[in-house]
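Quick note: the sequence shown uses my numbering, first residue -17, plus one each step. Don't be surprised by glycine CBs; every beta carbon is placed ideally from N, CA and C. Notes to accompany the following structure.
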Amino acid sequence: MTTPPTLAELTGNYVLDPAHTRIGFVARHAMVTKVRGAFHQFEGTAHLDGADPSRSTAKVVIKAESIDTGVEQRDQHLRTNDFLDAPDFPDITFNTTSVEPRSDTEYRVTGDLTIKDTTRPVTIDFEYTGTAVDPFGNRRVGLEGSVSISRKEYGVTWNAALEGGGVLVGDKVVLEFDISAIKQE
């Protein structure tokens, strides 16, 4: 049995592993159900400072065109100017501005989220889910988190009225992060 590494031993530079990381979202549809989706093309880097987590940083770049809800017609619409405008704004970005330890396994990460041409601060609560050395000798760190944002605050305002009242697409979008990051030596 091996002893888990201390936070100080996790200090270093990391890259997101796109094959084992999910950047997803959930949005209300027709006021009665939820549509789930994910982005399949992204890259991210982080510097973890185990001795002083507040000095940790991260940057993520998501390709807007990689949005996938499992319905191609809907995905094509989401890529248009009605929603993400992927041709004119190909990247969705997040850059940390602060990291606040909440406990030994919980961290509040604040940063600037840019969608289309709008940048706003968001705060994401992350849980450290563990670390492991994979069969290839890579040190991996796992984190999970989510945050609710208003799509209208990012200029994503398209909607359609429903006959019985309400709208087709809810304003609230929950962003979900299941992260596997690989330490770089």
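### Three-state secondary structure (DSSP) of Glu47
What you label residue 47 is simply residue 65 of the sequence shown in a count that begins at 1. Helix.
### Task
Whole angstroms is fine: what's the gap from Ser38's alpha carbon to Phe21's?
On the sequence shown, residue 38 is found 56 positions in, with the first residue counted as 1. On the sequence shown, residue 21 is found 39 positions in, with the first residue counted as 1. About 24 Å.
#### Entry: Asp70 in three-state terms, based on DSSP
Here residue 70 refers to the residue found at position 88 of the sequence shown. Coil, per DSSP.
### Query
First and last residue of the alpha helix (DSSP H) that includes Leu60?
Here residue 60 refers to the residue found at position 78 when the sequence shown is read from its first residue. Taken as a continuous stretch (DSSP letters only), the alpha helix (DSSP H) holding Leu60 covers Glu54 to Leu60.
### Task
Using the DSSP secondary-structure output, state which residues sit across from Ala9 in a beta bridge.
What you label residue 9 is simply residue 27 of the sequence shown in a count that begins at 1. Val17 and Val155.
### Message
Could you give the first and the last residue of the continuous beta strand (DSSP E) run that contains Val91?
### Response
Locating residue 91 in the sequence shown gives position 109, where the first residue counts as 1. From DSSP, the beta strand (DSSP E) with Val91 extends over Glu88 to Ile97.
### Query
At what residues does the beta strand (DSSP E) containing Glu109 begin and finish?
Here residue 109 refers to the residue found at position 127 when the sequence shown is read from its first residue. Start and end: Thr100 to Val115.
### Query
How would you label Val53, buried or exposed, when you count the other beta carbons within 10 angstroms and need 16 or more for buried?
Sequence index remark: in the sequence shown, residue 53 carries index 71 (1-based). With fewer than 16 Cβ atoms within 10 Å of its Cβ, Val53 is classed as exposed.
### Task
Quick one: grab the DSSP three-state call for Pro83.
Here residue 83 corresponds to residue number 101 of the sequence shown, with the count starting at 1. In the structure shown, Pro83 sits in a strand (DSSP, three-state: E or B).
### Query
CA-CA distance, Ile97 and Leu(-8)?
The residue given as residue 97 occupies position 115 in the sequence shown. The residue given as residue -8 occupies position 10 in the sequence shown. Approximately 31 Å, taken between the alpha carbons.
### Message
For a test of the three-state rule: what should DSSP assign to Glu25, helix, strand or coil?
### Response
What you label residue 25 is simply residue 43 of the sequence shown in a count that begins at 1. Three-state result, Glu25: strand.
### Query
According to DSSP, is Glu(-9) helix, strand or coil?
Reading the sequence shown from its first residue, position 9 is the one you call residue -9. Glu(-9) falls in the helix class under three-state DSSP.
#### Entry: C-alpha gap between His2 and Glu167, whole angstroms
Walking along the sequence shown from the start, residue 2 turns up at place 20. Walking along the sequence shown from the start, residue 167 turns up at place 185. Taking the straight line from one Cα to the other gives about 20 Å.
### Task
Determine the extent of the beta strand (DSSP E) in which Arg122 is found, giving its start and end residues.
If you number the sequence shown from 1, residue 122 lands on position 140. Run containing Arg122: Arg121 to Ser132, per the beta strand (DSSP E) assignment.
#### Entry: Among Asp73, Tyr89 and Ala9, nearest to Ser80 - alpha-carbon criterion
As a working mapping, residue 80 is identified with position 98 in the sequence shown. Measuring from the Cα of Ser80, the nearest candidate turns out to be Tyr89.
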